[in-house]
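Working notes for the structure below.
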Amino acid sequence: MSVAASSGPDPAAPLSGKLAPRAIRSRLLPEEVGDFDREYRRVMAEATETLDLTPVLDALTRWERVAFLTERDPEGYRRMLRTAERLNAGEDVETIPWEQVKRELGL
């Protein structure tokens, strides 16, 4: 496909930095939309005071990663969030050694 025929970046591509806030938000789990909205409003307000968009772009890049992971495997992402909550609460959580994970991923 030629560059002229391209309609732009793939909207599902991870970490493209090209997804609009609305597109990111639409890909999130319903339970995370409020967190996105709060952070986006905060960094936008900060940007209006500092005239620096870096925090906005950093937040959008971070949320774009979340959107990508969520879209690929919503239930897997929910499981990860539950596991993180349990770990943060100090619970014992079964883990897999890093070496085993690397082997399974072929790294």
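Be aware that the sequence shown starts at 0, since it is given in numbering that gives the first Met the number 0, and climbs by one per residue. For every residue, glycine included, the Cβ atom is placed at its ideal position computed from N, Cα and C. All figures in this text were calculated on a predicted structure; none of them were measured in a lab.
CA-to-CA distance, residue j to residue i, given in whole angstroms
{"i": "V100", "j": "A58", "result": "28 Å"}
{"i": "P96", "j": "L86", "result": "16 Å"}
{"i": "E63", "j": "G75", "result": "17 Å"}
{"i": "L50", "j": "E93", "result": "46 Å"}
{"i": "F35", "j": "E70", "result": "15 Å"}
{"i": "M79", "j": "E48", "result": "36 Å"}
{"i": "T60", "j": "Y39", "result": "11 Å"}
{"i": "E30", "j": "E90", "result": "23 Å"}
{"i": "T106", "j": "E98", "result": "Looking at the sequence shown, residue 106 is not Thr but Leu. Using only the alpha carbons, I get a separation of about 9 Å."}
Distance between beta carbons of residue j and residue i, contact taken as under 8 Å
{"i": "A46", "j": "V55", "result": "5 Å"}
Beta-carbon spacing of residue i, residue j below 8 Å
{"i": "R26", "j": "V32", "result": "no"}
{"i": "P73", "j": "L104", "result": "no"}
Residues near residue i in its chain [Cβ-Cβ closer than 6 Å; skip 5 each side]
{"i": "R122", "result": "The chain is shown only over 0 to 106; residue 122 falls outside these bounds and no answer can be derived."}
{"i": "L131", "result": "Because the chain is modelled from 0 through 106, residue 131 falls outside the range shown and cannot be assessed."}
Neighbourhood of residue i by C-beta distance below 7 Å, restricted to the same chain and skipping five residues each side
{"i": "P20", "result": "Y39, L59"}
{"i": "M43", "result": "V55"}
Original post:
Going along the chain, which unbroken runs of the alpha helix (DSSP H) with 4 or more residues stay wholly within the region 13 to 62?
Top reply: Counting whole runs of 4 or more residues, the region 13 to 62 contains the alpha helix (DSSP H) stretches 20 to 25, 29 to 49.
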